[in-house]
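**Q**
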Amino acid sequence: MNDKTFRVLEFDKILARLSTYASSELGKELSLALKPSIVREEINKWQAETTEARELWQSVQRIPLGGIADLRQPLKKAGIGSILSPEELAAIGETFRAGRLMKDFFSEEKKQSSPVLADLAAGLEAFPHVEQAIDRAIEPEGKVKDNASPKLAKLRTQIRSLQNRVRDKLDALVRGSETQKYLQEALVTLRNGRYVIPVKQEYKQALPGIVHDQSASGATLFVEPMAVVELNNQLRQVEAEEEQEVARILAALSALVGGVATPALANLQILARLDLAFAKARYS
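The sequence shown stops at residue 304 when you use this note's numbering, and every number in between is there.
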């Protein structure tokens, strides 16, 4: 078929409608890229995939299509040794889980009733060691867990303790009757990673400390009182150690992902094709 025939048939609208039934961006992408075939073997295979998917959709309560993310860029990055973000690692862990569940879904029984789809799913590879390592260290929303390592747990406990000590000192200071007249507001805030209080410009000499910032008008100075400078220094030091430990954890997890990047990319193609088959089944 030529482009004119596609336009007359409004084939693009059909594909757009089909794509709404896909569960993943990869499935949607495949849906929108579909072209008719004149090869009988290919036609028969596509029809068999759709028929099997429709029968499964009608007979099975839940098909594990959720959690499939477009990981092509993160996997390529990991494959060349780049360090991934916690959010990227969380998405990888979830997609690896989706691939494992889909592989398990096509049991021996389904191989008999859905041989074409089962043969496609048989190409999926599970990476339980990577999936489990990510799950132990990364929250689903993409944050490094406190217990990702014993060292990180210790450092974050120290950070919380130091933060509380600094805030307690500053809270007591801003509540003091002698100090309140120097302040624009009785609050504790952060500037450049340091806990500070908002001091009126005309009283900057009355409250010894380090000025870290000022308001746009210049009427307010954000001052770190000398009473908390040493605690703030300790806090920044521990925070720097925490950042280094997080970086080490992310590097280790990224290396694990990099070791399976090639088969994981192949998994994405298979998951996208399965998603497309079920999208066609739902549309039919």
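The C-beta atom is built at its ideal place from N, Cα and C for all residues, glycine as well. These numbers were taken from a predicted model, which means no experiment stands behind them.
1) Going straight from the alpha carbon of L95 to that of A73, what length do you get?
2) Please tell me whether A236 has its Cβ less than 7 Å away from any Cβ of chain B.
3) For A118, count neighbouring Cβ atoms within 10 angstroms of its own Cβ and tell me buried if that reaches 16, exposed if not.
4) In terms of DSSP beta bridges, what is P218 paired with?
5) For Q234, does the three-state DSSP call read helix, strand or coil?
6) State the Cα-Cα distance for the pair F125 and I83, rounded to the nearest angstrom.
7) Quick check on DSSP: helix, strand or coil for R211?
8) How far does the alpha helix (DSSP H) with A284 in it extend, from its first residue to its last?
9) Quick one: any contact between the segment 91-108 and the segment 273-290, if contact means 3 or more CB pairs under 8 Å?
10) Alpha carbon to alpha carbon, how far is S237 from Q178?
11) Quick test of your reading: S274 and S102, contact by CB under 8 Å. State the CB separation rounded to the nearest angstrom.
12) I'd like the list of long-range same chain contacts for Q67, defined as Cβ closer than 6 Å, with 5 residues on each side in sequence excluded.
13) For V164, does the three-state DSSP call read helix, strand or coil?
**A** If we stick to the structure as given:
1) Distance between the alpha carbons of L95 and A73: 29 Å.
2) Although the question refers to chain B, the structure presented lacks it and comprises just one protein chain.
3) Buried, because 16 or more other Cβ atoms sit within 10 Å of the Cβ of A118.
4) Beta-bridge partners of P218 (DSSP): F242.
5) Residue state for Q234 is assigned as strand, using DSSP reduced to three classes.
6) Roughly 8 Å between the two C-alpha positions.
7) In this structure, R211 counts as strand in the three-state DSSP scheme.
8) Looking at the DSSP string, the run of the alpha helix (DSSP H) that includes A284 is 281-303.
9) Cβ pair count under 8 Å is three or more, so yes.
10) Straight across, the Cα-Cα distance linking S237 with Q178 is about 37 Å.
11) The C-beta separation of S274 from S102 comes to about 7 Å, placing the pair in contact by the 8 Å criterion.
12) Residues of the same chain with their beta carbon placed closer than 6 Å to that of Q67 are lacking, with the five preceding and five following residues left out of the count.
13) Three-state DSSP puts V164 in a strand.
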